[in-house]
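Per our numbering: the sequence shown = residues 5 to 177.
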Amino acid sequence: MNGFSALIKEVTSIAINNPSLVEITESDAEFFNSLPVSEVAPALQEIFENTTDSTTRSRAFDALLKLKEFDKVQFLVELFDRTSDGWPAACCRHLSEFRDRRAITKLCDVLLHDSDPDVRYIAAESLAISGDHTAVEVLEYAQAHDTGKDYEGFRVADMARQALEQIHARSSL
């Protein structure tokens, strides 16, 4: 690791480990975006992957999603597959922010195959926000066949129906 990389790793760690807020501030985001993304993103990912402190982990996650030149969709898709403890739900929620084929494909895959009805519900909810015609077949299948309920008792099939309505409403504009 060269001196510049070590410095970025150190200042990134100091900023993320500041326990004052759960989310990073706009000035923190500006600071991170002033650094080369090729240096700061790996430092943030390392903090996210290696810390056991939930606040620090949340701050690193938030910082990664505020990096302007960072492939957030790829990060969220990959993170979904290698994490647990609430992070798959967070990934689905954030994937709804992108009208990106990779995000929609991942949300469809989650809706069809995830064993957790809470996560499937959030995937359907996210498709209601960002889904397009490519999600229709999966949502129709979930509407007809998914018998799961989220932690509040809301049916995944009902959310799939609502997502279909939202997609059809967007496509008719």
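Each residue gets a CB set at the ideal place from its N, CA and C atoms; glycine is no exception.
Selected residue, minimal CA-CA separation from residue i, among the options
i      : options                          : result
ALA45  : ALA146, PHE65, SER88 and HIS98   : PHE65
ILE133 : ILE12, ARG106 and SER100         : SER100
ARG165 : GLU156, LYS13, TYR155 and SER130 : SER130
ILE28  : SER62, SER176 and PHE84          : SER62
ASP162 : SER175, ILE126 and GLY135        : ILE126
ASP89  : GLU53, GLU144 and LEU116         : GLU53
GLY152 : GLU144, PRO121 and ALA173        : PRO121
SER17  : GLU30, SER38 and ALA47           : ALA47
PHE36  : ALA19, ILE51 and LEU143          : ALA19
ALA148 : GLN49, ARG103 and LEU115         : LEU115
ASP136 : GLU156, ARG174 and TYR145        : ARG174
GLN78  : ARG106, ASP57 and GLU156         : ARG106
LEU39  : ASP150, GLU14 and ARG86          : GLU14
GLU30  : ASP150, SER176, ARG103 and LEU71 : LEU71
Own chain, CB closer than 7 Å to residue i, minus 5 neighbours either side, in chain order
i      : result
GLU73  : VAL41
VAL140 : LEU168 and ILE171
THR138 : ILE108
LYS110 : VAL81, PHE84 and LEU99
TYR155 : ASP122
VAL142 : CYS112, LEU115 and LEU116
Contacting residues, own chain, Cβ-Cβ under 8 Å from residue i (five flanking each side not counted)
i      : result
HIS98  : LEU69, LYS76 and LEU80
PHE158 : TYR125
ALA94  : PHE65
GLU144 : ALA164 and LEU168
Residues bridged to residue i [DSSP beta-bridge criterion]
i      : result
LYS110 : Answer is none; LYS110 lacks a bridge partner.
LYS153 : ARG159
Contacting residues, own chain, Cβ-Cβ under 6 Å from residue i (five flanking each side not counted)
i      : result
ASP118 : ARG124
PRO92  : PHE84 and VAL123
ASP104 : VAL77
Rounded Cβ spacing between residue i and residue j (contact assumed at less than 8 Å)
i     : j      : result
ILE12 : GLU43  : 4 Å
ALA67 : ASP113 : That pair is no contact at about 27 Å.
Heavy atom of the ligand MG within 6 Å of residue i beta-carbon
i     : result
GLU43 : No copy of the ligand MG appears in this structure; indeed no ligand is present at all.
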